[in-house]
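Colleague: Below: one structure in structure tokens.
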Amino acid sequence: MRLSKKVEKLPPYLFVEISRKIAERRARGEDVVSFGIGDPDIPTPPHIIERLCQAARDPVNHRYPESEGLPELRKAIAGWYERRFGVVLDPDKEVAPLIGSKEGIAHIAFCLIDPGDFALVPDPGYPVYSIGTTLAGGRIFYLSLNERNGFLPDFSRVPESVLQQAKVLWLNYPNNPTGAVADLPFFNRAVEFAKKYNLCVLHDGPYSDVAYDGYKPVSFLQAEGAREVGIEFHSLSKSYNMTGWRIGMAVGNAEVIGALKTMKSNLDSGIPQAIQLMAIQAFNGPQDCIKEHNDIYQRRRDLLVETLNKMGLQATLPKASLYVWAKVPEGYTSVEFANDLLDKCGVVVTPGIGYGRNGEGYVRLSLTIQDANLLKGLSRMAGWRDSKNILRYKK
Ligand SMILES: *Cc1c(COP(=O)(O)O)cnc(C)c1O
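Under the working numbering, the first residue of the sequence shown carries the number 70, and numbering increases by one thereafter.
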């Protein structure tokens, strides 16, 4: 038996490796505190869970769902976009529910990329943009995100020769892993650039409701003409603590949404209907949980950034997202620093290099860690500089 070249070339998914490392240490009896994975620790709000429990008992929801989702779900998504961003969507033509946005982010490549086509992909970035492109046979041109450019890509640096063969521009704000945000003028520039070179903009925005200090992130679809050139991915995972239920959506340009629906109707059989009903409840129900969660993350963010700065890492307070992107001290690569912290403090952080070459020199810390663990992690990290010997934190 021989596996495909595509599969043989796939790197192990970043977080699978990290989870394996943590499991190994825990099996040896070590007490590991993880700032690694961005997966909300707070449970799904009770009113949303209640809807699932009711729906699970109704046999109507035991059968194959429609792959394009319940009409009520598509309406609820459109309603939320209108209330939240003032963007009016046609629920039938401009909305596609997804089995978590990661699913759509990977599959959209098959709708837009032919072998040899280029996708412009942010570096550092969420790994699925480039993995989807590669699986579809496309090539990647990386857009550098760095401190100098405010972690926003400089479109003028993409060579003409690449642009002639480019089909897709990936963007993600509020950004994972850097925590950077983009404003409307930036999205307007992205639309102009996409029009000039006939690109499809794919904006990934799962953190648009995870923001601090009163900041309200904008949607790419609020930009002038955005719907003519692109779509936006969003998810219930981060804002409603629903990572485990797997539900998200893509909205925007009708032709691209139509292509994604056609692709998906051939690949999957939709989102379990009871989970679609949870999402309707999340969008149409009370929204207090959003602020409650953000207040918790904001408090954690402030404590974490303070400790990191005292340790000699450079970190600023992110306005949004679940992450602190911190520059490691002089003399360490991101992997060396992450390993040192794991050895000396039993604390897991994600090395920036895992998100691309421009991630070198940084580590990412997630705010989705329970308060007791956060405090334990912070007190261990505070002693990092003086900890000459390898300490082992036993359970
Ligand atoms: C978490 C995350 C997603 C995926 O969320 P789903 O759970 O698959 O909806 C997509 N993009 C980014 C940047 C993320 O951080």
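We put the CB at the ideal spot given by N, CA and C, even for glycine.
Assign residue 71 to one of three DSSP states: helix, strand, or coil.
Modeller: DSSP places residue 71 in coil when its eight states are reduced to three.
Colleague: Can residue 183 be considered in contact with ligand 1, in the sense that its beta carbon sits closer than 7 Å to one or more heavy atoms?
Modeller: Because no heavy atom of ligand 1 lies under 7 Å away, the Cβ of residue 183 does not count as near it: no.
Colleague: From residue 87 to residue 295, what distance separates their C-alpha atoms?
Modeller: For residue 87 and residue 295, the distance between alpha carbons rounds to 37 Å.
Colleague: Alpha carbon to alpha carbon, how far is residue 454 from residue 246?
Modeller: Straight-line Cα distance between these residues: approximately 25 Å.
Colleague: Write down every uninterrupted run of the beta strand (DSSP E) in the segment 354 to 410 whose length is 3 residues or greater and which is fully enclosed by it, in chain order.
Modeller: Counting only runs of 3 or more, we get 392 to 396.
Colleague: Quickly, what does DSSP pair residue 414 with across the bridge? List them, please.
Modeller: In the DSSP output, where bridge partners are listed per residue, residue 414 has none listed.
Colleague: Apply the 10 Å Cβ neighbour rule to residue 180 and answer buried if 16 or more other Cβ atoms are within range, or exposed otherwise.
Modeller: Residue 180 is buried by the Cβ-count criterion.
Colleague: Is residue 170 a contact residue of ligand 1, with contact defined as CB to any heavy atom under 7 Å?
Modeller: Yes - ligand 1 has a heavy atom lying nearer than 7 Å to the Cβ of residue 170.
Colleague: Run the CB neighbour count on residue 331, radius 10 Å, all protein chains shown included, and call it buried at 16 or more, exposed below.
Modeller: Result: exposed.
Colleague: For residue 444 versus residue 418, is the C-beta distance shorter than 8 Å?
Modeller: In this structure, residue 418 does not lie closer than 8 Å to residue 444 by Cβ.
Colleague: Between the segment 318 to 330 and the segment 185 to 194, can you find at least three pairs of beta-carbon atoms closer than 8 Å?
Modeller: The segment 185 to 194, when compared against the segment 318 to 330, does not touch it at the 8 Å Cβ threshold.
Colleague: Report the residue from 220, 183, 372, 240 whose alpha carbon sits nearest the alpha carbon of residue 386.
Modeller: Minimum Cα distance to residue 386 is reached at 372.
Colleague: Does the Cβ of residue 245 lie closer than 7 Å to at least one heavy atom of ligand 1?
Modeller: Yes, the Cβ of residue 245 comes within 7 Å of a heavy atom of ligand 1.
Colleague: Taking 7 Å as the cut-off, is the beta-carbon of residue 273 closer than that to any non-hydrogen atom of ligand 1?
Modeller: Yes, the Cβ of residue 273 comes within 7 Å of a heavy atom of ligand 1.
Colleague: Would you check if there are 3 or more beta carbon pairs closer than 8 Å linking the segment 299 to 319 to the segment 107 to 120?
Modeller: At 8 Å Cβ cutoff, the stretches touch.
Colleague: If you draw a straight line from the alpha carbon of residue 279 to that of residue 263, how long is it in whole angstroms?
Modeller: The alpha-carbon atoms of residue 279 and residue 263 are separated by roughly 27 Å.
Colleague: Using three-state DSSP, classify residue 104 as helix, strand or coil.
Modeller: Coil.
Colleague: Specify, as a first and last residue, the run of the alpha helix (DSSP H) that residue 118 falls within.
Modeller: First-last of the alpha helix (DSSP H) with residue 118: 115 to 126.
Colleague: Drop a sphere of 10 angstroms on the beta-carbon of residue 164, count the other beta-carbons inside from all chains shown, and report buried for 16 or more, exposed for fewer.
Modeller: Its Cβ being crowded by 16 or more others within 10 Å, residue 164 is buried.
Colleague: One question on the structure: do residue 348 and residue 145 come within less than 8 Å of each other, judged by their Cβ atoms?
Modeller: It is a contact, given that the beta carbons lie within the stated cut-off.
Colleague: Apart from the five residues on each side of it in sequence, which residues of its chain come closer than 7 Å, Cβ to Cβ, to residue 142?
Modeller: These residues qualify, in order along the chain: 166, 345, 348, 349.
Colleague: Using DSSP's beta-bridge definition, name the partner residues of residue 238.
Modeller: Per DSSP, 189, 270.
Colleague: Tell me, which residues are paired with residue 165 by DSSP?
Modeller: In DSSP, residue 165 forms a bridge with 319.
Colleague: Please go through the same chain and pick out, in chain order, the residues whose beta-carbon is closer than 7 Å to the beta-carbon of residue 403, but skip the five residues on each side of it.
Modeller: 397, 420, 421, 422, 428, 429, 430, 431, 432, listed in sequence order.
Colleague: Could you tell me the boundaries of the alpha helix (DSSP H) in which residue 231 lies?
Modeller: Residue 231 -> alpha helix (DSSP H) spans 229 to 233.
Colleague: Hey, would you say the C-beta of residue 312 is under 7 Å away from at least one heavy atom of ligand 1?
Modeller: Checking every heavy atom of ligand 1 against the Cβ of residue 312, one is found closer than 7 Å.
Colleague: Spatial neighbours of residue 149 within its chain, please: C-beta separation below 6 Å, excluding the five flanking residues on both sides.
Modeller: The residues are 352.
Colleague: Within this structure, are the beta carbons of residue 134 and residue 316 separated by less than 8 Å?
Modeller: No, Cβ-Cβ distance for residue 134 and residue 316 is not below 8 Å.
Colleague: Per the contact definition of three or more C-beta pairs closer than 8 Å, is the segment 362 to 376 in contact with the segment 404 to 413?
Modeller: No, the segment 404 to 413 does not touch the segment 362 to 376.
Colleague: Report the option in 265, 215, 243, 302 whose CA atom is closest to the CA atom of residue 271.
Modeller: Closest option to residue 271, Cα to Cα, is 302.
Colleague: Starting from the C-beta of residue 274, find all residues in its chain whose C-beta is less than 6 Å away, skip the five residues before and the five after it, and write them out in chain order.
Modeller: For residue 274, where only same-chain residues beyond five positions count, the Cβ hits under 6 Å are 301, 303.
Colleague: Suppose the cutoff is 6 Å on Cβ atoms and the five residues either side in sequence are ignored; what does the same chain contact list for residue 231 look like?
Modeller: Counting only Cβ-Cβ distances below 6 Å, and skipping sequence neighbours, we find 187, 210.
Colleague: Along the chain, where does the beta strand (DSSP E) that runs through residue 431 open and close?
Modeller: From DSSP, the beta strand (DSSP E) with residue 431 extends over 431 to 435.
Colleague: Can the beta-carbon of residue 235 be found closer than 8 Å to that of residue 242?
Modeller: Not in contact: residue 235 and residue 242 (Cβ atoms no closer than 8 Å).
Colleague: Would you please state the rounded distance, in angstroms, between the beta carbons of residue 381 and residue 193? I believe it to be under 8 Å.
Modeller: Not quite, the Cβ-Cβ distance comes to about 22 Å (not below 8 Å), so this is no contact.
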